[in-house]
Amino acid sequence: MKLLTTLHAGMGKKTALWQNRGSDFLDKYVIRGGKPLYGEVEISGAKNAAVAIIPAAMMVDGVCRIENLPQISDTDKLLQILSLMGAKVRFINPGTVDVDCTSVRLSNRIFSLTKQIRASYYLIGSMLGRFGEACTTMPGGCNFGVRPIDQHIKGMKALGASIEIGRGLIQAKAAGGRLHGARIYLDKVSVGATINIMIAAATAEGMTIIENVAREPHIVDLANFLNSMGADIRGAGTDVIKVRGVQKLHGGAYSLIPDQIEAGTYMTAVAATGGALKINNVIPRHLECISAKLREIGADVQEGGDFVVVRREGALYRANVKTQPYPGFPTDMQPQITTLLCLAQGTSIVTEGVWDNRYRYVNELRKMGAEIHVSGKTAIIEGIGHLTGAPVAACDLRAGAAMIVAGLCAEGTTVIEDVVYIERGYQDIVGKLRAVGADIAAISEPDDEPDGNENRALDDVG
Ligand code: UD1
69 MKLLTTLHAG
79 MGKKTALWQN
89 RGSDFLDKYV
99 IRGGKPLYGE
109 VEISGAKNAA
119 VAIIPAAMMV
129 DGVCRIENLP
139 QISDTDKLLQ
149 ILSLMGAKVR
159 FINPGTVDVD
169 CTSVRLSNRI
179 FSLTKQIRAS
189 YYLIGSMLGR
199 FGEACTTMPG
209 GCNFGVRPID
219 QHIKGMKALG
229 ASIEIGRGLI
239 QAKAAGGRLH
249 GARIYLDKVS
259 VGATINIMIA
269 AATAEGMTII
279 ENVAREPHIV
289 DLANFLNSMG
299 ADIRGAGTDV
309 IKVRGVQKLH
319 GGAYSLIPDQ
329 IEAGTYMTAV
339 AATGGALKIN
349 NVIPRHLECI
359 SAKLREIGAD
369 VQEGGDFVVV
379 RREGALYRAN
389 VKTQPYPGFP
399 TDMQPQITTL
409 LCLAQGTSIV
419 TEGVWDNRYR
429 YVNELRKMGA
439 EIHVSGKTAI
449 IEGIGHLTGA
459 PVAACDLRAG
469 AAMIVAGLCA
479 EGTTVIEDVV
489 YIERGYQDIV
499 GKLRAVGADI
509 AAISEPDDEP
519 DGNENRALDD
529 VG
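Taken in order, the sequence shown gives residues 69 to 530; the numbers are from this note's numbering.
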């Protein structure tokens with residue numbers, strides 16, 4: 069029973085701070101495929117930098133201005149969390165926010181939000197650094213199989229925290245009220261653990277050396293943010309990071325790097341639909357492995373100072389892709405590139421090198437005619453040249469992005485459900501795509517099964 073349908077056709081839909089409609093509405097995207105993309109698209113600030121930097125702002129004494137902030141639901145929720153803890157959050161314009169954490173305190177009012185998002189685990193590091201103790205829920209997040217946080221816990225313990233996990237909560241306390249420096253070797257290259265330990269160590273007493281760390285661009289961005297607020301962090305971007313703890317961090321202004329994965333998604337979209345897109349506000353170096361793979365598949369990619377131009381007119385060719393930590397091919401581009409390879413000539417092999425279970429979206433692509441065989445971490449893709457529109461769901465954030473890429477190049481109409489996942493990480497994707505010629509619209513419908521969807525939102529979104 070659908071009572072009302074609202075079409076957000078003109079400018080796409082924006083996520084407004086603290087105006088999420090919760091589970092009363094279900095949003096869908098409707099795409100009429102087969103239109104090549106032409107024009108220019110602006111890339112927003114990096115989601116994965118933002119979701120680390122907002123919690124880290126809690127450590128800052130004074131006003132911290134964050135610029136180039138993406139307007140997405142994950143950043144909304146993290147700012148809400150800080151606000152519930154007593155921070156003053158003030159938007160200067162949609163991409164610039166002042167956060168004043170002078171009066172923050174621990175609060176159990178944040179729990180309904182912290183369990184919705186993965187990045188809430190950074191609150192462990194920032195609360196420990198700020199208060200010498202932490203209390204939050206176990207994180208939510210996209211479901212790629214088991215997502216342990218043992219390396220985060222190992223790091224916090226090495227820095228002198230005692231940790232208790234039970235009833236869905238994580239509680240931590242630094243002996244003597246302040247963490248101390250330590251030498252920590254990560255058993256697994258983990259983006260989250262690297263970031264969390266860096267945040268916690270920024271105000272710990274003495275030197276922390278973290279070995280076998282991740283090298284993603286947003287790790288460098290977080291180190292630059294913390295350093296600009298008075299921290300002393302060296303080595304970010306290599307596999308050893310040294311953090312000399314300081315007494316406190318001071319206010320300042322910081323502009324986030326552009327989003328590597330948002331850019332990669334638009335690059336893949338135009339490779340799939342054909343056409344020519346100039347993708348602005350990017351750091352081409354962060355996109356090198358994506359650009360190289362798209363060239364191998366048949367797109368033309370030209371790099372400028374802060375833009376890339378991607379053109380595709382001719383045939384697409386098979387390729388093998390293995391996802392790896394940076395500077396390897398990003399796992400967060402795996403669903404999108406798999407979708408593109410469905411259109412290529414020949415058989416491609418994609419190997420997932422980071423997550424145990426990141427092929428749940430393949431069932432959705434099969435509904436559009438894709439021929440993909442998955443065995444463990446390997447997907448074998450028979451290039452069939454085209455996809456056909458179908459009703460599909462976004463199983464998680466990047467799976468949702470892949471459904472958009474598929475819908476844009478498919479023959480006929482694709483309706484994507486559960487787009488709440490996509491809006492976690494893509495600012496105004498409907499508006500940006502419409503501006504370059506895509507026939508895509510967001511539709512809101514009242515949810516006639518509120519209970520089921522409430523549960524799903526709490527379990528999976530984040
Ligand atoms: C981050 C990104 C996510 C991306 C991933 C890999 C954010 C908010 N999310 O997730 O989009 O897909 O990096 O690039 O930045 N692991 C452990 N123990 C731990 C932590 C991780 O075994 O304590 C394992 C994981 O199961 C996984 C691998 O390490 O197999 C990488 O995980 P990690 O880099 O930590 O991913 P996230 O930080 O959660």
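Just so it is clear, CB atoms sit at the ideal spot from N, CA and C, and this is done for glycine as well.
G244 in three-state terms, based on DSSP | Secondary structure at G244: helix, using DSSP grouped into helix, strand and coil.
For N116, is the beta carbon positioned less than 8 Å from some heavy atom of the ligand UD1?
-> If you check the C-beta of N116 against the ligand UD1, you find a heavy atom less than 8 Å away.
Extent of the continuous beta strand (DSSP E) to which P514 belongs = It spans 507 to 514 - the beta strand (DSSP E) in which P514 sits, taken as one unbroken run.
Give a yes or no on whether the C-beta atoms belonging to T164 and R186 are separated by under 9 Å.
-> Contact flag unset, no.
When DSSP labels each residue in this structure, what does I277 get in the three-state scheme?
-> Correct three-state label for I277: strand.
Could you give the residue range of the beta strand (DSSP E) that holds C132?
-> Element bounds for C132: 128 to 135.
To which residues of the same chain is V350 closer than 7 Å at the C-beta, ignoring the five residues directly before and after it?
-> Excluding residues within five positions, the ones whose Cβ falls inside 7 Å are I111, P326, A331, D374, F375, V376.
Between the stretch 139 to 159 and the stretch 225 to 235, do three or more beta carbon pairs fall short of 8 Å?
-> No contact exists between the stretch 139 to 159 and the stretch 225 to 235.
How about L181 and I149: are their beta carbons less than 9 Å apart?
-> Yes; because the gap between Cβ atoms is below 9 Å, this pair is in contact.
K156 in three-state terms, based on DSSP | Per DSSP, reduced to three states, the secondary structure at K156 is strand.
Range covered by the beta strand (DSSP E) that runs through E439 = In this chain, the beta strand (DSSP E) harbouring E439 covers 439 to 443.
Give me the Cα-Cα distance between D218 and A240, rounded to the nearest whole angstrom.
-> Here the alpha carbons of A240 and D218 stand approximately 14 Å from one another.
Among G505, K390, V369, A478, which one has its Cα closest to the Cα of A447?
-> The shortest Cα separation from A447 among G505, K390, V369, A478 belongs to K390.
Taking C-beta to C-beta, are A470 and T406 nearer than 9 Å?
-> Between A470 and T406, the CB-CB gap stays under 9 Å.
Can you tell me which of the three DSSP states E108 falls into?
-> In this structure, DSSP gives E108 an extended state, which the three-state scheme calls strand.
Exposure of R173, with buried meaning 16 or more beta-carbon neighbours within 10 Å = Taking every protein chain shown into account, the CB of R173 has fewer than 16 other CB atoms within 10 angstroms, so this residue is exposed.
Endpoints, the beta strand (DSSP E) within which L345 is located = From DSSP, the beta strand (DSSP E) with L345 extends over 343 to 348.
Since I believe T481 is in contact with V98 (beta carbons under 8 Å), could you give me their beta-carbon distance rounded to a whole number of angstroms?
-> About 7 Å separates the two Cβ atoms, so the contact holds.
Can you find a heavy atom of the ligand UD1 that lies under 8 Å from the Cβ of E531?
-> Any question about residue 531 goes unanswered here, given that the chain covers just 69 to 530.
Quick one: measure Cβ to Cβ for L409 and I121, integer angstroms, because I've assumed they're closer than 8 Å.
-> With 8 Å as the limit, L409 and I121 do not qualify as a contact, their Cβ atoms being about 34 Å apart.
Look at the alpha carbon of R492 and the alpha carbon of G468, and state the distance between them as a whole number of angstroms.
-> Distance between the alpha carbons of R492 and G468 is about 10 Å.
Based on Cα-Cα distance, which residue from A412, N348, G305, Q413 lies nearest to Y394?
-> Y394 has its Cα closest to that of G305, out of A412, N348, G305, Q413.
Roughly how many whole angstroms lie between the Cα atoms of T415 and P216?
-> Taking the straight line from one Cα to the other gives about 34 Å.
Got a sec, what are the start and stop residues for the alpha helix (DSSP H) R198 sits in?
-> 190 to 199 is the span of the alpha helix (DSSP H), which, as asked, contains R198.
Do I490 and the ligand UD1 come close, with the Cβ less than 8 Å from some heavy atom?
-> No, the beta carbon of I490 sits no closer than 8 Å to any heavy atom of the ligand UD1.
Determine the contact status of E485 and P459, defining contact as a CB-CB distance below 9 Å.
-> P459 is positioned such that its CB atom lies closer than 9 Å to that of E485.
Counting only beta-carbon atoms, is L147 nearer than 9 Å to chain B?
-> The chain labelled as chain B is not found in the depicted structure, where only one protein chain is given.
Taking the C-alpha atoms as reference points, what is the distance between H354 and K310?
-> Those two C-alpha atoms are separated by around 23 Å.
Please look up how many angstroms separate the CB atoms of L146 and S175, rounded, as I've assumed it's under 8 Å.
-> Under the criterion of beta carbons closer than 8 Å, L146 and S175 do not qualify as touching, at roughly 14 Å.
Can you tell me the Cα-Cα spacing of M195 and M266, whole angstroms?
-> Here the alpha carbons of M266 and M195 stand approximately 13 Å from one another.
Going by alpha carbons, who is nearest to A125 out of L247, N295, P285, A242?
-> Closest by C-alpha distance to A125, out of L247, N295, P285, A242, is N295.
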